[in-house]
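Chemist: I'd like to ask some things about the structure below.
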Amino acid sequence: MIDPSQLRQNTEAVAANLARRGYHLDLESFAAMETRRKALQVETEQLQAKRNTQAKAIGQAKARGDDVTELLEASAEIGRSIKDKSQALDELQHKLDELMLNMPNLVHEGVPDGADEASNVIVRQVGTIREFDFQPRDHVDIGERFEGMNFADAAKIAGSRFVVLAGALARLHRALSQFMLDMHTADHGYREVYVPYMVLSEAMQGTGQLPKFADDAFEIQGDHQRFLIPTAEVPVTNLVAGDILDAGELPLKFVAHTPCFRSEAGAYGKDTRGMIRQHQFDKVELVQIVRPDQADQAFESLTTHAEAVLKALDLPYQVSALCAGDLGFSAHRTYDLEVWFPGQQAYREISSCSHFSDFQARRMKARWRNPETNKPQWVHTINGSGLAVGRALAAVLENHQNADGSVTIPDPLRPYMGGQVLISVDG
RNA sequence: GGAGAGGUGGCAGAGCGGUUGAAUGCACCGGUCUUGAAAACCGGCAAGGGUUAGCGCCCUUCGAGGGUUCGAAUCCCUCCCUCUCCGCCA
245 MIDPSQLRQN TEAVAANLAR RGYHLDLESF AAMETRRKAL QVETEQLQAK
295 RNTQAKAIGQ AKARGDDVTE LLEASAEIGR SIKDKSQALD ELQHKLDELM
345 LNMPNLVHEG VPDGADEASN VIVRQVGTIR EFDFQPRDHV DIGERFEGMN
395 FADAAKIAGS RFVVLAGALA RLHRALSQFM LDMHTADHGY REVYVPYMVL
445 SEAMQGTGQL PKFADDAFEI QGDHQRFLIP TAEVPVTNLV AGDILDAGEL
495 PLKFVAHTPC FRSEAGAYGK DTRGMIRQHQ FDKVELVQIV RPDQADQAFE
545 SLTTHAEAVL KALDLPYQVS ALCAGDLGFS AHRTYDLEVW FPGQQAYREI
595 SSCSHFSDFQ ARRMKARWRN PETNKPQWVH TINGSGLAVG RALAAVLENH
645 QNADGSVTIP DPLRPYMGGQ VLISVDG
């Protein structure tokens, strides 16, 4: 949620900012609602004040033993007026809340202009794209030759967009997530957390997946409204929901390895081959809860933490700054990390690192106490994948494949593979 | 699943239906004292919203949502959560 008072006071500036990302704010209808809200609120509160003083007077009169029948009647009348007014106010407030909850975050000033991904700006490219002296296969071909990647079995038991991994590939998948967790906890100072894989709608609303994107998530049947997490961002960021944190506790840095579930509604026909776009995938997620004045720097450093994984695995990648029109709903600014897939001859997203400013904090009511003012202020939240495990597996297979069909296991993963150096058809 | 207890400010913990937004303690902030620190003492200190140039004034909030009442932290109903005991169990 963006700052409501900023929206009221600088409506035009806010509208102009949101227009950068393609969101149209109807200034006139907003102004009309606001004027009416203000009037209703003032009237309601005046009535409430009247009722309160009356009630107090009745109490005092009764204590003296005076007759209070007249006072009682007058109060009852006020009570009825309050009911009418506050009902009207509630309805209007509800509409305004809905508007606010469906309004995306403001765009950071450093974000490039543009309507869609075509305008994203490549910030840097790291690593060298390998020259193959043979025709590189894509990860599906490689995986199926090992009999370690099976989409047909997955479809049989779960439908399309799932995968079954087996043998060395299943282990490599596990090795990747273990390696990432160990790196982020040992080298980058994150605290590992294990979290629920399903969450209440409040949590989804806190990070911005609801109310707008209900179709993207899987909802659980049951007496509670729960959702399978589309990313660990939801449970992990919401760890601080409702809290007022001490300045000394910040920054909080969490890392979690979880499965993620996405319905991929509207993605029919996109990336139907392979492990790139699945209903279920594993991800190691980095989350930071920081002071506002440290957010920009934390965002940069979190991005480098995700990049460190790609470097360690010797995977060529590029960092792309998303343009205003390509930003996610909650994001203030975002870097995508895109890894090179030789099988596709293309860079594909493997991590998305975002700075949410106080947008999620407002929704979650997550604050910290600023020692300078001694007042609670909204925290800033930042997160990024470090990395998507399934895509990382695919990238390793494609980038480190050999002419004979085998795959060389990157050095840092070998300890997690029992020392194994090569995955080949023979085992 | 059965039985009981409870959810109050950053934390702990009081609170006869009527100056209780809430005692007290801790924490925190300011001050006195001290070479400095600690201790002691004095003072301040909930959040959100409205209104105001500002001082201030007003409204809402005591797990959530309903209800009773002129008036609810306090009474009633529903739900959620926590704790203890028993049962069951990965």
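If you count the first sequence from 1, you need to add 244 to reach this note's numbering.
Glycine included, every Cβ here is placed at the ideal spot set by N, Cα and C.
Note that the coordinates shown come from a computational prediction; the quantities given were computed from them, not determined experimentally.
1. Kindly indicate which three-state DSSP category Ser564 falls into: helix, strand or coil?
2. What residue range is occupied by the uninterrupted alpha helix (DSSP H) comprising Val640?
3. Between which two residues does the beta strand (DSSP E) holding Thr502 run?
4. Can you tell me whether Pro479 is buried or exposed, with buried defined as 16 or more other CB within 10 angstroms of its CB?
5. According to DSSP, is Glu477 part of a helix, a strand, or is it coil?
6. Start and end of the beta strand (DSSP E) containing Phe585?
7. Helix, strand or coil for Phe660? Go by DSSP, reduced to three states.
8. Assign Leu571 to one of three DSSP states: helix, strand, or coil.
9. Please state whether DSSP places Met448 in a helix, a strand or coil.
10. Hey, how far is the Cα of Glu335 from the Cα of Met277?
11. Could you tell me the distance, in whole angstroms, from the CA atom of Ile626 to the CA atom of Ala575?
12. Flag Ile373 as yes when its Cβ comes closer than 6 Å to any non-hydrogen atom of the ligand NAD, and as no otherwise.
13. Do you know how far the Cα of Lys327 is from the Cα of Gln285?
14. Tell me whether the beta-carbon of Ala485 lies closer than 7 Å to the beta-carbon of Phe471.
15. Short check: CB of Phe406 to CB of Ala398, under 7 Å?
16. Taking Met519 as the reference, give the member of Ala362, Ala396, Thr578 with the closest Cα.
17. So, Val528 versus Met424, is the Cβ gap smaller than 7 Å?
18. Taking one C-beta from the stretch 499-508 and one from the stretch 592-601 each time, how about it: are there three or more such pairs within less than 8 Å?
19. Less than 6 Å between C-beta atoms, sequence neighbours within five positions excluded: which residues of the same chain meet that for Ser445?
20. Please report the Cβ distance between Val633 and Asp515, rounded to the nearest whole angstrom; I am assuming they are in contact, meaning their Cβ atoms lie under 8 Å.
21. For Tyr438, count neighbouring C-beta atoms within 10 Å of its own C-beta (all shown protein chains included) and say buried if the count is 16 or more, exposed if not.
22. Taking three-plus beta-carbon pairs below 8 Å as touching, is the stretch 258-275 in contact with the stretch 348-360?
23. In the structure shown, what three-state DSSP assignment does Pro348 receive?
24. Is there contact between the stretch 545-564 and the stretch 638-645, where contact requires at least three CB pairs shorter than 8 Å?
25. With distances taken between CB atoms, is the gap from Ser650 to Ser629 smaller than 7 Å?
26. Output the distance between the C-alpha atoms of Gln538 and Asp490, rounded to the nearest integer angstrom.
27. Keeping to the same chain, check which residues put their C-beta closer than 7 Å to that of Tyr660; ignore five residues upstream and five downstream.
28. If I'm right that Val531 touches Glu477 with Cβ under 8 Å, what's the distance once you round it to whole angstroms?
29. Does DSSP put Ser668 in a helix, a strand or coil?
30. I'd like to know whether the C-beta atoms of Val355 and Arg592 end up nearer to each other than 7 Å.
31. Within the stretch 265-351, note down every full alpha helix (DSSP H) run reaching 4 residues or more, in order along the chain.
32. For Pro440, count neighbouring C-beta atoms within 10 Å of its own C-beta (all shown protein chains included) and say buried if the count is 16 or more, exposed if not.
33. Would you mind reading off the limits of the beta strand (DSSP E) that contains Ile533?
34. Pull up the CB-CB distance for Leu416 and Leu657, whole angstroms please, since I reckon it's below 8 Å.
35. Considering only residues of the stretch 411-441, which uninterrupted alpha helix (DSSP H) runs meet the minimum length of 4 residues and lie entirely inside it, listed in chain order?
36. I'd like to check one pair, Arg368 with Val563: are the Cβ atoms closer than 7 Å?
Modeler: Here's the rundown:
1. For the purposes of this step, residue 564 is identified with residue 320 of the first sequence, where counting begins at 1. In the structure shown, Ser564 sits in a strand (DSSP, three-state: E or B).
2. Against the first sequence, residue 640 aligns to sequence position 396. Residues 633-643.
3. Numbered from 1 along the first sequence, position 258 holds the residue referred to as residue 502. Counting along the chain, the beta strand (DSSP E) containing Thr502 begins and ends at 496-505.
4. Position 235 of the first sequence holds residue 479. Buried, because 16 or more other Cβ atoms sit within 10 Å of the Cβ of Pro479.
5. Taking the first residue of the first sequence as 1, we reach residue 477 at position 233. Helix, per DSSP.
6. Reading the first sequence from its first residue, position 341 is the one you call residue 585. Here the beta strand (DSSP E) through Phe585 covers 577-585.
7. The count along the first sequence starts at 1 and reaches residue 660 at position 416. Sequence inspection shows Tyr at residue 660; the Phe mentioned does not correspond to that position. Three-state result, Tyr660: helix.
8. In the first sequence, counting from the first residue as 1, residue 571 sits at position 327. Here Leu571 sits in coil by DSSP.
9. Stepping through the first sequence from its first residue, residue 448 is reached at position 204. Reduced to three states, the DSSP call for Met448 is helix.
10. Reading the first sequence from its first residue, position 91 is the one you call residue 335. Reading the first sequence from its first residue, position 33 is the one you call residue 277. Their backbone Cα atoms lie some 11 Å apart in a straight line.
11. Walking along the first sequence from the start, residue 626 turns up at place 382. Walking along the first sequence from the start, residue 575 turns up at place 331. One C-alpha to the other measures close to 9 Å.
12. The ligand NAD is not part of the structure shown, which contains no ligands of any sort.
13. For this step, residue 285 is matched to residue 41 along the first sequence. For this step, residue 327 is matched to residue 83 along the first sequence. Approximately 13 Å, taken between the alpha carbons.
14. What you label residue 485 is simply residue 241 of the first sequence in a count that begins at 1. What you label residue 471 is simply residue 227 of the first sequence in a count that begins at 1. The answer is no: Cβ separation not under 7 Å.
15. As a working mapping, residue 406 is identified with position 162 in the first sequence. As a working mapping, residue 398 is identified with position 154 in the first sequence. Yes; because the gap between Cβ atoms is below 7 Å, this pair is in contact.
16. Along the first sequence, one-based indexing puts residue 519 at 275. If we check each option's Cα against that of Met519, Ala396 comes out closest.
17. As a position in the first sequence, residue 528 is number 284, starting the count at 1. As a position in the first sequence, residue 424 is number 180, starting the count at 1. Result yes, Cβ atoms of Val528 and Met424 sit closer than 7 Å.
18. no
19. Position 201 of the first sequence, counted from the start, is the residue given in the question as residue 445. So the list reads Leu454, Gln469, once near-sequence residues are dropped.
20. Here residue 633 refers to the residue found at position 389 when the first sequence is read from its first residue. Here residue 515 refers to the residue found at position 271 when the first sequence is read from its first residue. 16 Å between Cβ atoms; not a contact.
21. For the purposes of this step, residue 438 is taken as the residue at position 194 of the first sequence. Under this definition Tyr438 is an exposed residue.
22. yes
23. Within the first sequence, residue 348 is the residue found at index 104, counting from 1. In this structure, Pro348 counts as coil in the three-state DSSP scheme.
24. yes
25. Mapped onto the first sequence, residue 650 falls at position 406. Mapped onto the first sequence, residue 629 falls at position 385. Taking 7 Å as the Cβ cut-off, Ser650 and Ser629 do not qualify as a contacting pair.
26. Your numbering for residue 538 matches position 294 in the first sequence. Your numbering for residue 490 matches position 246 in the first sequence. One C-alpha to the other measures close to 15 Å.
27. Locating residue 660 in the first sequence gives position 416, where the first residue counts as 1. Here the set comprises Ala419, Gln422, Phe423.
28. Position 287 of the first sequence holds residue 531. Position 233 of the first sequence holds residue 477. Yes, they are in contact, since the Cβ atoms of Val531 and Glu477 sit about 6 Å apart, within 8 Å.
29. Within the first sequence, the letter at position 424 stands for residue 668. If DSSP states are grouped into helix, strand and coil, Ser668 belongs with coil.
30. Within the first sequence, the letter at position 111 stands for residue 355. Within the first sequence, the letter at position 348 stands for residue 592. Taking 7 Å as the Cβ cut-off, Val355 and Arg592 do not qualify as a contacting pair.
31. 271-308, 313-345
32. For the purposes of this step, residue 440 is taken as residue 196 along the first sequence, with counting starting at 1. Classification of Pro440: exposed, given that the 10 Å Cβ count is below 16.
33. Within the first sequence, numbered from 1, the residue matching residue 533 stands at position 289. Counting along the chain, the beta strand (DSSP E) containing Ile533 begins and ends at 524-534.
34. Here the question's residue 416 lines up with position 172 in the first sequence. Here the question's residue 657 lines up with position 413 in the first sequence. With 8 Å as the limit, Leu416 and Leu657 qualify as a contact, their Cβ atoms being about 7 Å apart.
35. 411-430
36. Locating residue 563 in the first sequence gives position 319, where the first residue counts as 1. Locating residue 368 in the first sequence gives position 124, where the first residue counts as 1. Yes, the Cβ-Cβ distance between Val563 and Arg368 is below 7 Å.
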